[in-house]
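K.L.:
The structure under discussion is supplied below as structure tokens; questions concerning it will follow.
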Amino acid sequence: MSRIEELPDDFDESLNLNKAPPEVAQGLPQPGFDAFAPTNEIPFPINEEALKARQTDPNAPELPPAIAAIQSHTSEELMAMMNKTPLFMTDIENAGDEKGENVLLDALQALQNEGTRGEVANTFKGQGNEAVQELKWIDAKEFYTKAIAVINAKEDKWEVPEDPEEEAALLRKLEEASHINRALCNLELGNYRSCTLDCAAALKFNPKNVKAFYRSSLALFKLDKVAEAEDAAARGLAIDPESKALKESAKKIAERKALLERAAARKQAEEEKVRKQKMVLSTALRARQIRTRKTDQPPDMEDAKIRLVPDPLSPESTIEFPTVFLYPMEAQSDFIKSFSEMNAIEDHLSYIFPLPWDTKKEYTVEGVECFMQTVSGGLIKAGKKLPLLQILSGGKVEVVDELVSIHVVPLSKTDPVDFLWTLFPQYHHTPGRSAAPLPINLSGPTAEQPEVIKCNNASAGNKRSHL
């Protein structure tokens, strides 16, 4: 029966990937061309005809055999010859000679299949252990994979064991060891999910495999699956309460769990705060009889929004609205980030005017009229001296997408109704046809609306922002 070589129990703890490779002792030959140049061995057969064709200078010195062997072939020929050597083989289908045979490859394959299934699998596992000791994780993983493949192969091309029961027990131990060792390779390579799968496979053979619980806890921790990692570490400690590696893993997991719980608590508290602020704001708007509406395409106002100040959790605080002054006759606009419900329109117009583009000086506080759109789609005249709350309350005017829109028109125009034709071109008077009644109430913000007409706000061209 083959003897199974195991990795030490404390191998995981002894790993130090940051350790520098040992220095090469002085005086020893370094790998490279100089180490092979003095010999007469040639890596490939020399193609004399090709070499003569390359040497155009008859007085040139004769090349060393090793260099001549390389220069007498093209790069494609060199790659083809190297592919026939098992060490450099990349394509097994093209590794044979003219007859499709490769003596070296056949010999190596025969060695791999020599012995019982358990002996061959144990050889691969041993090679994997050697690679692990040298921290060659990719090579080690490949050897363990081959060991598992031999154990589970359906085709039985190996020698018949003397004791089938003993062979079955050996294969079971080998498969458990190969899975748990491959889990280590996957852990070091960053293949964390594959690591957990290998650990699970090992636990099917041995539910008390402490290494499987330890490596699984590390992989799950890397995947930030804290609850699963905590469970794996706890199960491992239940089997081996004195395991230093598992204790350290459990400590790291507990610290991460506490950090996530604190972050979740902060997030929940913030969400609860936002929810309460929205509820209080909604209550304050309803108490003031201010209507609001959302659309599918709200404007981009960055962080500007309706808010209660100074205390967003008190319905008695003052409401501030983002507001836009539209100048439809000029296709211009001004944006006010915070317009208090206690402010009047003229309070803001007083510092906005004069306008930089108003060369005719038509826009003054006394020389303009203001209009707002109603819920039914028409317009009402908004008093410049009235507090914004008085204009918005009562339900006739609505705030769309948290933005108050106010149309500003100069009185210097021949007729304020020209402004309405800017908004309602379909009502413009044409020769031979009477103009339809315009959808507007010019008597004030509390007058009755004579006619309901759907309309769009005047498009704003250039826009200025006022904080």
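In the UniProt record's numbering, the protein residues as written are 1 to 467.
Quick reminder that beta carbons are idealized off the backbone N, C-alpha and C, glycines included.
State the DSSP-derived secondary structure class of P207, mapped to helix, strand or coil.
P.N.:
Looking at P207 - three-state DSSP - the assignment turns out to be coil, as it is neither helix nor strand.
K.L.:
What do you get for S249, buried or exposed, if any count of 16 or more other CB atoms within 10 angstroms of its CB means buried?
P.N.:
By the neighbour-count rule (16 or more Cβ atoms within 10 Å), S249 is buried.
K.L.:
Once DSSP output is grouped into helix, strand and coil, what is the label at residue 468?
P.N.:
In the structure as shown, the chain starts at 1 and stops at 467, and residue 468 therefore has no counterpart that could be examined.
K.L.:
Quick one: give me the first and last residue of the alpha helix (DSSP H) that R54 is part of.
P.N.:
Here the alpha helix (DSSP H) through R54 covers 48-54.
K.L.:
Check whether the region 334-343 touches the region 317-324, taking contact to mean three or more Cβ pairs, one atom from each stretch, closer than 8 angstroms.
P.N.:
The answer is yes - the region 317-324 touches the region 334-343, with three or more Cβ pairs under 8 angstroms.
K.L.:
In this structure, how does DSSP classify I336 when only helix, strand and coil are distinguished?
P.N.:
Reduced to three states, the DSSP call for I336 is strand.
K.L.:
Hey, which unbroken runs of the alpha helix (DSSP H) at 4 residues or more fall wholly within the UniProt domain "Cns1/TTC4 wheel" (311-414)?
P.N.:
Those alpha helix (DSSP H) runs which fall completely within the UniProt domain "Cns1/TTC4 wheel" (311-414) and span 4+ residues are 345-352, 388-392.
K.L.:
Pairs of beta-carbons, one from the region 180-191 and one from the region 137-156, closer than 8 angstroms: are there three or more?
P.N.:
With a cut-off of 8 angstroms, the region 137-156 and the region 180-191 count as touching, because enough Cβ pairs lie within range.
K.L.:
Taking C-alpha atoms, which residue in L171, T56, A264, L7 lies nearest to A131?
P.N.:
Out of L171, T56, A264, L7, L7 has the C-alpha closest to the C-alpha of A131.
K.L.:
Comparing C-alpha positions only, which one of E230, E48, E114, R215 sits nearest to V160?
P.N.:
Residue E114 is the option with its Cα nearest to V160.
K.L.:
Assuming A202 and N209 are in contact, meaning their beta carbons sit under 8 angstroms apart, how far apart are those beta carbons, in whole angstroms?
P.N.:
Contact holds; Cβ gap of about 5 angstroms.
K.L.:
Please work out which residues of its chain come closer than 7 angstroms, Cβ to Cβ, to K385, disregarding the five sequence neighbours upstream and downstream, and give them in chain order.
P.N.:
Within the same chain, K385 has close Cβ partners A344, E346.
K.L.:
Using 9 angstroms as the threshold, is the C-beta distance between H348 and L379 below it?
P.N.:
Cβ atoms of H348 and L379: not closer than 9 angstroms.
K.L.:
Check T116 in the structure and name its three-state DSSP category.
P.N.:
Residue state, collapsed to three classes: strand.
K.L.:
Could you pull out every residue in the same chain whose Cβ sits closer than 6 angstroms to the Cβ of P445, ignoring the five residues on either side in sequence?
P.N.:
Residue confidence for P445 is low, a pLDDT of 39 falling below 50, so the modelled location carries little weight; the figure read from the coordinates is stated next. Excluding residues within five positions, the ones whose Cβ falls inside 6 angstroms are I380, A382, I391.
K.L.:
Give the range of the beta strand (DSSP E) segment to which R266 is assigned.
P.N.:
No beta strand (DSSP E) holds R266; the alpha helix (DSSP H) holding it covers 244-287.
K.L.:
Taking Cβ positions only, does R291 come closer than 9 angstroms to chain C?
P.N.:
Looking for chain C here will not work: only one protein chain is present.
K.L.:
Buried or exposed for D303, please, with buried defined as at least 16 other CB atoms from any protein chain shown within 10 angstroms of its CB.
P.N.:
Its Cβ having fewer than 16 others within 10 Å, D303 is exposed.
K.L.:
Could you pull the DSSP bridge partners for E159 from this structure?
P.N.:
According to DSSP, E159 bridges with T116.
K.L.:
Curious, which full-length alpha helix (DSSP H) runs of at least 4 residues does the region 161-239 contain?
P.N.:
List check, alpha helix (DSSP H) in window: 164-189, 192-205, 210-222, 226-239.
K.L.:
Note down, in chain order, each residue of its chain lying with its Cβ closer than 6 angstroms to the Cβ of G190, except the 5 sequence neighbours on either side.
P.N.:
Closer than 6 angstroms at Cβ, skipping near neighbours: no residue.
K.L.:
Below 8 angstroms, how does it come out for the region 235-253 and the region 210-227: are there three or more Cβ pairs, yes or no?
P.N.:
Verdict: yes, contact present.
K.L.:
Taking just the CA atoms, how far does R293 sit from T318?
P.N.:
Distance between the alpha carbons of T318 and R293: 20 angstroms.
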